[in-house]
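So the structure is just underneath, and the comments pick up after that.
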Amino acid sequence: ESTPSLNPSSPSQSVQELALRTPKSRNNFVSAGLSPVVACSNSITAATPTTPLCAVFTFCPFRFVQTRICAMTVDDGRKRKSTFAGLLLVLSALAAAVARRRPWEDGPRLDPGVIAAGRRNLRVPLLELTSDPRSVAPREPSPAVMRVYVSVSSIERMRGAAETWAKLLSGAASPPGGEGVAFLLDGDWTASVDFGSLRQAYPHVEVLDARADVGQEDSLPGHGTTRAMFALQRGRPEDFACLLDDDLVVNVPILQRELQDKCQSEHCIMGEILGHGGEQRTAGGWCMNRALVDSIGELLATMNDHDLPWPAEDGANAQDGSFHDMLRQSHPDLWGQISYVPSMLWYTENSLPVIERGSKVSKRTQASYRGNVWEEMQANFLHKVSREFLSVVAAGSAVYPAGWDDAAVSPPRRESCPRPILEAIGIYSDNHGPTKLGLEDTLLLVSSNAGQGDFLDNWRHYADRLKLKYGIVAMDNELYSLLGVDRTVLAGNVMTTSASRFRTPDFNAISCNKLSIVLDIMESCDVSVVFSDVDNVFIRDPFQHDLGDLIKMNSYNYIYTRDGPGDGEKDVMAGHFGSPNTGFHYVSRDSAVMRDVLKSTVDRCSAPDNMIERLDDQALFWQEMKARFDMGRVSPRHCKANDGYNEPPSFPRLNEGDPPPLNLCCLDPVYYRNGATSTDFMSEEALQEIIDKKMVVTYHANYAGNKGRKQEKLERFGLAQGFNVNKNASSEQKQ
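Heads up: the sequence shown is residues 1 to 735, going by full-length UniProt numbering.
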């Protein structure tokens with residue numbers, strides 16, 4: 001199941017509105033700053049925004065009697081009801097009949113334009129419900145009245161909750177004279193707690209010792225807060241009572257709505273539901289409706305812990321399986337009536353939000369994954385996910401871990417990141433909203449020298465057409481001067497302006513320096529990098545295709561394109577790692593293994609013996625990767641077409657002491673083509689068939705020894721229009 005879509009109906013919708021689904025104003029008059037005007041005879045009656053309710057009857061000289069009724073109320077987001085409109089129509093007809101008055105005879109015919117304007121205004125949905133108790137209009141149910149009890153394990157956590165979300169609930173959702181939140185402390189450690197100071201510091205909540213204040217001295221370890229909640233709920237009027245761990249944050253209005261909408265059965269419990277059938281339980285807490293709270297409260301009031309199959313527990317919290325096992329064993333009749341209602345907006349340490357295809361945010365739990373993929377995702381979640389993504393998901397969640405807030409407010413480590421690169425991070429501009437979710441910490445990077453300036457112009461033409469953001473690295477001073485300091489950054493070490501031939505010393509130096517650039521930018525800008533050569537041109541947006549989906553999975557350290565001919569069906573798409581092409585690949589910022597591979601490759605590039613071997617970055621990169629596989633220094637795990645390519649992978653579990661994982665995935669060669677897709681490797685008919693199918697996402701014009709042949713390959717795919725567009729990268733055009 002999925003959370004509500006995060007796709008906005010218009011670019012102007014705010015993230016907060018998307019996340020919280022705040023009802024939009026239905027009162028067109030108020031939102032437009034207008035007053036409905038109804039004209040009749042020689043008088044004009046206006047309903048102003050401050051008028052609680054007005055009914056204006058217009059009888060105009062038509063062949064039939066027109067009746068118009070307007071209502072102007074304070075907008076509270078509730079739906080209007082057309083049935084009330086009918087009631088007012090009937091009342092207006094009766095009033096007119098009693099008065100026996102024909103007001104249309106008192107004055108001249110009105111201007112048709114005024115009448116038309118009045119009609120348009122009065123098409124507004126009829127009634128915006130008010131809080132006036134005299135109104136007979138139907139009302140939506142009030143938000144669920146709930147009282148939240150927090151099982152405290154740390155004073156610091158308690159302070160964090162009391163100073164944030166607990167303020168929103170206290171007094172707002174409780175009967176007069178009652179607090180919305182109570183913090184329950186239990187255990188020997190509470191002997192050193194200064195309850196008086198805490199109560200004085202936080203008067204808007206209750207701070208209670210579960211044993212001394214609530215009389216739970218005889219409860220077994222770990223049961224005090226649970227018993228205290230049910231004891232304190234006796235005789236209280238709230239619709240729902242919640243008991244939560246202190247490492248969770250509550251979005252009060254969203255949780256109220258979830259309870260009101262979904263917890264409708266007679267004995268209902270909502271939370272992070274684990275298990276199935278007769279073994280269901282909650283994790284991190286729950287919310288129960290009044291009937292279930294009362295039923296369990298009666299049970300606990302008449303039986304002590306020693307009379308129940310409820311063993312003692314370590315820690316202050318008792319909201320795990322043993323409590324639910326106790327209910328199932330001691331009161332099977334009551335247990336059979338309980339409805340466990342999961343909420344897709346309730347997150348704990350047992351669940352994570354992930355971005356599926358189409359930028360849809362879904363909730364995944366441990367049960368969603370096989371092997372130890374879950375443990376890896378859970379351990380790395382806050383390090384790999386972006387702050388912006390966490391903020392959006394947290395704003396739309398009913399309950400979520402407190403650690404999300406800490407990660408969301410932590411500033412990115414990008415103080416030393418050059419401005420042209422910093423501004424390019426995120427792939428899309430801010431107005432793309434949900435499209436960029438999961439890509440906020442990803443950078444599209446391209447490099448070139450002045451000799452390849454015309455190819456850079458062409459590459460940028462297609463990237464700009466797709467509205468992509470990207471960073472440019474100038475490989476020489478000439479290109480840096482042509483583009484300017486606001487648009488590019490200058491690479492070090494190599495200063496050559498020629499378009500070098502394959503595996504010449506200049507070519508190898510340039511290609512190796514590309515990897516050095518990627519490594520430097522990853523570390524100084526805290527980003528994952530998608531690097532593209534200037535002859536790798538985008539036909540369609542790869543970030544809204546497989547590349548974007550694989551990045552958003554947060555499962556892969558390295559995503560690459562295949563080097564060589566073929567469709568990859570029997571090798572890379574079957575889970576076998578093939579030689580990668582470094583002209584278009586993705587490197588995750590979180591992989592220490594990948595950083596080590598990059599560094600080793602750069603070191604070998606600049607080594608004296610490579611001046612003799614003349615190996616480029618791609619050959620050396622592949623050697624470094626393969627050496628780690630052969631020597632058992634990593635545990636390589638590769639995606640397959642049917643496992644990990646379209647959904648998170650089910651990699652085998654690693655045992656203790658195994659080398660660190662290196663998770664790899666190759667982009668499907670059917671969509672991500674290289675220069676082997678040419679008449680050099682296939683017939684003209686086969687090539688034309690590929691072009692006619694229009695399935696290609698990117699095309700890399702490699703396997704060409706010079707610029708002329710590269711351009712011919714691009715022209716064959718219709719990807720050379722940018723050579724005639726001056727983007728100031730070509731020194732020939734500049735002159």
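Just so you know, even glycine gets a beta-carbon here, dropped at the ideal spot from N, CA and C.
It should be emphasised that the depicted structure is a prediction, and the values quoted were computed from it without experimental measurement.
Item                                                                                                             : Value
Among L687, G438, D630 and C287, the one whose alpha carbon lies nearest that of L547                            : G438
Segments of 3+ residues assigned as beta strand (DSSP E) that fall wholly inside the segment 354 to 438          : 361 to 365 and 399 to 401
DSSP state of residue 738 mapped onto helix, strand, coil                                                        : In the structure displayed, the chain extends from 1 to 735; residue 738 sits before or after that span and is not available.
Close-in-space but distant-in-sequence residues of the same chain around E258 (CB under 8 Å, 5 per side omitted) : M270, S343, L345, W346 and A398
Extent of the continuous alpha helix (DSSP H) run through S295                                                   : R290 to T302
Cβ pair C605, S524 closer than 8 Å                                                                               : no
Check: K360 C-beta below 7 Å from any heavy atom of the ligand GTP                                               : Absence of the ligand GTP is noted for the structure shown, with no ligands found whatsoever.
Rounded C-alpha distance that separates D406 from A450                                                           : 45 Å
Buried or exposed (CB count within 10 angstroms, at least 16 for buried), G718                                   : exposed
Close-in-space but distant-in-sequence residues of the same chain around S339 (CB under 6 Å, 5 per side omitted) : S265 and C268
Endpoints, alpha helix (DSSP H) assigned at C605                                                                 : A592 to C605
Bounding residues of the beta strand (DSSP E) (the contiguous stretch that carries F195)                         : Run containing F195: none in the beta strand (DSSP E); it sits in the alpha helix (DSSP H), F195 to A201.
Three-way DSSP call (helix, strand, coil) for residue 792 in this model                                          : Here the chain comprises residues numbered 1 to 735, so residue 792 is not present and cannot be evaluated.
Three-way DSSP call (helix, strand, coil) for Y560 in this model                                                 : strand
Per-residue burial, K24 [other beta carbons within 10 Å of its own, 16 or more giving buried]                    : In this prediction, K24 has a pLDDT of 32, which is less than 50 and means its spatial position is unreliable; what the coordinates show is noted afterwards. By the 10 Å Cβ count, K24 comes out exposed.
Own chain partners of G578 with C-beta closer than 8 Å, once the 5 adjacent residues on each side are dropped    : R562, D563, G564, G568, D571, V572 and C666
Run of the beta strand (DSSP E) containing L445, from where it starts to where it stops                          : T442 to S448
Spatial neighbours of W622 in its chain, beta-carbon cut-off 7 Å, leaving aside the 5 residues before and after  : S579 and P580
Endpoints, beta strand (DSSP E) assigned at N655                                                                 : No beta strand (DSSP E) holds N655; DSSP gives it neither H nor E.
For I155 and D668, the rounded distance between their alpha carbons                                              : 52 Å
Per-residue DSSP class, three states only, for T698                                                              : strand
Alpha-carbon spacing of W335 relative to L654, whole angstroms                                                   : 39 Å
Three-state secondary structure assigned by DSSP to D341                                                         : Here the sequence assigns Val to residue 341, which means Asp is not the residue at that position. DSSP places V341 in strand when its eight states are reduced to three.
Nearest candidate by alpha-carbon position, reference D533, set G187, G278, F651 and Y586                        : Y586
Exposed unless 16 or more other CB atoms sit within 10 angstroms - verdict on V227                               : A small correction: the amino acid at residue 227 is Arg; Val does not occupy that position in the sequence shown. Buried: at least 16 other Cβ atoms inside 10 Å.
Reduced DSSP secondary structure (H/G/I, E/B, other) of Y703                                                     : coil
Contact belief for H324 with Q280 at Cβ below 8 Å, rounded distance in angstroms                                 : 7 Å
Sequence-distant residues of its chain with Cβ nearer than 8 Å to I296 (five each side left out)                 : F230, M288, L327 and L334
Cβ neighbours of P108 in the same chain (closer than 6 Å, five flanking residues each side left out)             : Below a pLDDT of 50, predicted positions are generally treated as unreliable, and P108, at 39, falls in that range; the measurement from the model is reported next regardless. Here the set comprises nothing.
Those residues which DSSP pairs with N581 across a bridge                                                        : T561
C-alpha distance - V696 paired with R540, whole-angstrom precision                                               : 8 Å
Own chain residues within Cβ distance below 6 Å of T190, not counting five before or after                       : D209
Rounded Cβ spacing between K469 and G426 (contact assumed at less than 8 Å)                                      : 6 Å
Span separating the alpha-carbon of Y556 from that of D486                                                       : 33 Å
Cα-Cα separation between K694 and V530, rounded to whole angstroms                                               : 24 Å
Rounded separation between L490 and S528 - CA only                                                               : 20 Å
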